[in-house]
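Below: the structure, in structure tokens.
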Amino acid sequence: MSLGRGIAFAMGSVLLVSGAQLGMRWSMSHLPQPDQWLTALGNGTVDWLALGVVMLSVFAYALSMLCWLAALRDLPLARAYSLLSISYALVYLLAASLPLFNEHFSLFKTLGVAFVVLGVITINSSRATCPRDSV
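Take 1 as the starting number for the sequence shown in the UniProt record's numbering and just add one per residue.
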């Protein structure tokens, strides 16, 4: 097992899935409701850029899954899953920071994200991942 390689693949998965989430969110705000798809396609009112971003986001999800599978090969489950939760924090921070998402920071959301990050740090600290702790 290569810990460094596993962490690199896990972080690649986090970045890809976070980008996919943000891309899907942006796209869905620019596309018609699902029950209006056929009408929109028929009269040519579909935003093709938004549709392209959806397809790119689905591709990013697929790549994320491949990275995730590679990470699971090299990381203990507790460490891998804690790293995956970084995507929650990343999506929140980017969505609230970038004006195109029209999301806002709040004290409680930010505190929640801080606790998630603190949990990831705690689980991945050298003391928490000592081999003797896993027995």
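Glycine is no exception: its CB is placed at the ideal position from the N, C-alpha and C atoms.
Just so you know, these numbers come straight off a predicted model, no measurement behind them.
Fewer than three beta-carbon pairs drawn from the segment 36-54 and the segment 3-11 are found closer than 8 Å, and the two stretches are therefore not classed as touching.
Straight through space, the alpha carbons of Val17 and Arg73 are spaced by roughly 19 Å. Distance between Leu111 and Leu38, taken at the CA atoms: about 42 Å.
The DSSP-derived three-state label of Asp35 is helix.
Bounds of the alpha helix (DSSP H) holding Gly4 are Leu3 to Met28.
At the C-beta level, Ala80 and Phe9 stay beyond 7 Å of one another.
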